[in-house]
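**Q** Numbered per this note's numbering, the sequence shown spans residues -6 to 267. Every residue gets a Cβ at the ideal spot worked out from N, C-alpha and C, and that includes glycine.
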Amino acid sequence: MPERTSADRITFLPDDQVMEADFSDKTFEVSGQVNDFYDELDRRIEASGEKWFFLVNYRNSTIMPEAWITFAHRGKKSNLAYSLGSVRFGADAATGKAILARSTVERFDPNLFPSRDAALAHLRKLRADISPNQFAGLKKLDEAATVRGPEGRILFHPELEIMEVDFSDLTFERASDVNGFYDVIDRKIAETGRKWYFLVNYMNCTILPDAWIAFASRGKQSNLNSSLGSVRFDATKATSDSILGHAREASFDPNLFSSRDDAIRRIVELRGAA
-6 MPERTSADRI TFLPDDQVME ADFSDKTFEV SGQVNDFYDE LDRRIEASGE KWFFLVNYRN
54 STIMPEAWIT FAHRGKKSNL AYSLGSVRFG ADAATGKAIL ARSTVERFDP NLFPSRDAAL
114 AHLRKLRADI SPNQFAGLKK LDEAATVRGP EGRILFHPEL EIMEVDFSDL TFERASDVNG
174 FYDVIDRKIA ETGRKWYFLV NYMNCTILPD AWIAFASRGK QSNLNSSLGS VRFDATKATS
234 DSILGHAREA SFDPNLFSSR DDAIRRIVEL RGAA
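(1) Which word fits N126, buried or exposed, when buried means at least 16 other C-beta atoms lie within 10 angstroms of its C-beta?
(2) Buried or exposed for E(-4), please, with buried defined as at least 16 other CB atoms from any protein chain shown within 10 angstroms of its CB.
(3) Can you list, in chain order, the residues of its chain with a C-beta nearer than 6 Å to that of T4? Leave out the 5 residues immediately preceding and following it.
(4) Kindly indicate which three-state DSSP category D159 falls into: helix, strand or coil?
(5) Under DSSP, the beta strand (DSSP E) around S79 begins and ends at which residues?
(6) What are the start and end residues of each continuous alpha helix (DSSP H) run of 4 or more residues lying completely inside the segment 166 to 252, in chain order?
(7) Which residues in the same chain have their Cβ closer than 8 Å to the Cβ of N72, if we skip the five residues on either side of it in sequence?
(8) Pull up the DSSP beta-bridge partners for W280, would you.
(9) What do you get for M156, buried or exposed, if any count of 16 or more other CB atoms within 10 angstroms of its CB means buried?
(10) Determine, for F226, whether the minimum Cβ-Cβ distance to residues of chain C falls below 7 Å.
(11) Which residue comes first and which comes last in the beta strand (DSSP E) that contains T4?
(12) Give a single yes or no on whether L134 has its beta carbon closer than 6 Å to a heavy atom of the ligand ATP.
(13) Would you call Q214 buried or exposed, if buried means 16 or more other Cβ atoms sit within 10 Å of its Cβ?
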């Protein structure tokens, strides 16, 4: 039997306003496979123009260590942008344990169910508790739905001791922009009561001159207080040059990498040497 495509594994149930993602009998070995699936999922939801309840089938699904961080990252982004609520079913002990660990750190309800019927019944109850008028507004997908604030750009990966910050496509224009974001970073780290390795995504991030002093100062303070080590990836040339300049002045290793996978490998090396 041929391998099912990502498109084959995504089904919409309009009567229940449910999007079903079927990971059954699938192994995610590397991050590229995860990205391919979520690119298709996000595209299909965008095309629908609506938000959906997420019903996720994990039966006999395997997520290899190399893919877990990307899997969690993409899943969180899709949930924040497009989900009215999510349930999961059929997870084996290892996957269920990983989801529970993330839910504790990220403070979300894992909603793990033993069967599809039980999971779908839970979603139907959630839907029934919302009035038709209210639901019409909730399910509407507009441009604001895909604009993430700081809360949606901070993700913890407990199994690798990583706190990931996503600055992608952001422009920091002034000090107040920087301070608002770092206030959230510092608060969320403080809530965990521990230090983390920092993984920072700079893809298409712009830091304007009026924001650079605050950005460097707040970043340095967060690193001193809460970091076990920091790596950065996918910075533009201008941002890379600025980071390298600050690194020379402050005598720290900038740990700049071209890709997220290379940055994660560096953290694995740092952990091994600790």
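**A** By the coordinates alone:
(1) The residue labelled residue 126 in the question sits at position 133 within the sequence shown. When all chains shown are included, N126 counts as exposed.
(2) As a position in the sequence shown, residue -4 is number 3, starting the count at 1. By the 10 Å Cβ count, E(-4) comes out exposed.
(3) What you label residue 4 is simply residue 11 of the sequence shown in a count that begins at 1. Taken in chain order, the residues that qualify are E13.
(4) For the purposes of this step, residue 159 is taken as residue 166 along the sequence shown, with counting starting at 1. In this structure, D159 counts as strand in the three-state DSSP scheme.
(5) For the purposes of this step, residue 79 is taken as residue 86 along the sequence shown, with counting starting at 1. Residues 76 to 82.
(6) Within the segment 166 to 252, the complete alpha helix (DSSP H) runs of at least 4 residues fall at 168 to 185, 202 to 219, 230 to 243.
(7) Taking the first residue of the sequence shown as 1, we reach residue 72 at position 79. Closer than 8 Å at the Cβ level, and outside the excluded window around N72, lie F47, S79.
(8) In the structure displayed, the chain extends from -6 to 267; residue 280 sits before or after that span and is not available.
(9) What you label residue 156 is simply residue 163 of the sequence shown in a count that begins at 1. Buried, by the Cβ-count rule.
(10) Of the protein chains in the structure, only one exists, and it is not chain C.
(11) The count along the sequence shown starts at 1 and reaches residue 4 at position 11. Boundaries of the beta strand (DSSP E) harbouring T4: 3 to 6, taken from the DSSP string.
(12) Ligands are entirely absent from the displayed structure, and the ligand ATP is therefore not among its contents.
(13) Translated into the one-based positions of the sequence shown, residue 214 becomes position 221. It is exposed - the Cβ of Q214 has fewer than 16 other Cβ atoms within 10 Å.
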